[in-house]
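Working notes, beginning with the structure itself.
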Amino acid sequence: MQRFFNWIKGLFNRAMDKVEDPEIMLDQARRDMNQTLLANKEKAIQAMTQRNRLAQMLEDERKKSQTYENQAAMALKQGKRDLATQLMREKMTVDAGLGTLEQSYSQANETVDQVKVAIKRQEEEVRKKTAEAMALKTQYKQSQIQVSINKALDGLTFENQFGSFGAAQERIREKQSEAQARQEMYGQSIQGKMAGLEDAQRDMEAEGELEKLE
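Residues in the sequence shown are numbered from 1 upward in steps of one, following this note's numbering.
Below, the structure written as structure tokens:
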């Protein structure tokens, strides 16, 4: 059971590491900016669509007003004054609505122009931030490479290697000194024995000479 919980914990930690990864964060920020830009463009398209509808309505109403005026003039020429009066009233009604329609179109056109400017600014900002994100990703990759190099250098064992060499050298010197000491000690012992033998020989020779005198 403990191994299972450790496995779950490991998966969670790996997931959190991915969430906090700078490259993933930068990519997500770039996607968010582009999605926001696309959403704003769609809203701008809707505003432009409404503006175009108002423009079409305005054109239609102006044509209708002109048509009423032309018909009224024709009716007047034909001596149909009552019809001409009725047609002119229709024209006046249309003209009354044209004022409100023209005002709405003017406001919509101004709004669309402002939205276009805002979209262009946002596009420039997105391009700028995208370039910054690419530069940051490059810097992050460079830092990862540097960290890897530093870790590799930390793993080198030049000092320990030289330390072992020095220890071996010191050990050899100790052995050499010990050998010299042993050789010196044993050399003195042999020389002493040889000297003792020489002294005994001389003693024996001296005793022989003494016996000749007796």
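C-beta atoms are modelled at their ideal positions from N, C-alpha and C, and glycine is treated no differently. Being a predicted model, the structure only gives us computed values, none of them experimental.
Reference residue i; option with closest CA among the options
i: THR111; options: ILE45, ALA29, GLN201; result: ILE45
i: LEU98; options: ASP113, ALA84, GLN114, GLN66; result: GLN66
i: THR36; options: GLU174, GLN201, ALA118; result: ALA118
i: SER104; options: LYS141, ARG173, LEU58; result: LEU58
i: GLN28; options: ALA133, LYS77, LYS63, GLN146; result: ALA133
i: GLU61; options: LEU38, ALA131, GLN139, THR100; result: THR100
i: GLU102; options: GLU178, GLN142, ALA131, ARG51; result: ARG51
i: ILE113; options: ILE24, MET204, ALA47, ALA39; result: Looking at the sequence shown, residue 113 is not Ile but Asp. It is ALA47 whose Cα lies nearest to the Cα of ASP113.
Test item: CB-CB of residue i and residue j under 9 Å
i: MET33; j: LYS116; result: no
i: ALA96; j: LEU87; result: no
i: LYS137; j: PRO22; result: yes
i: LYS91; j: GLU69; result: yes
i: ALA108; j: LEU54; result: yes
Residue environment, residue i, which counts as buried when at least 16 other CB atoms sit within 10 Å
i: ALA72; result: buried
i: VAL94; result: buried
i: LEU26; result: buried
i: ARG127; result: exposed
i: ILE8; result: Its pLDDT being 44, under 50, ILE8 is placed unreliably in this model, and the coordinates cannot settle the point.
i: PHE12; result: In this prediction, PHE12 has a pLDDT of 43, which is less than 50 and means its spatial position is unreliable; nothing more can be read from the coordinates.
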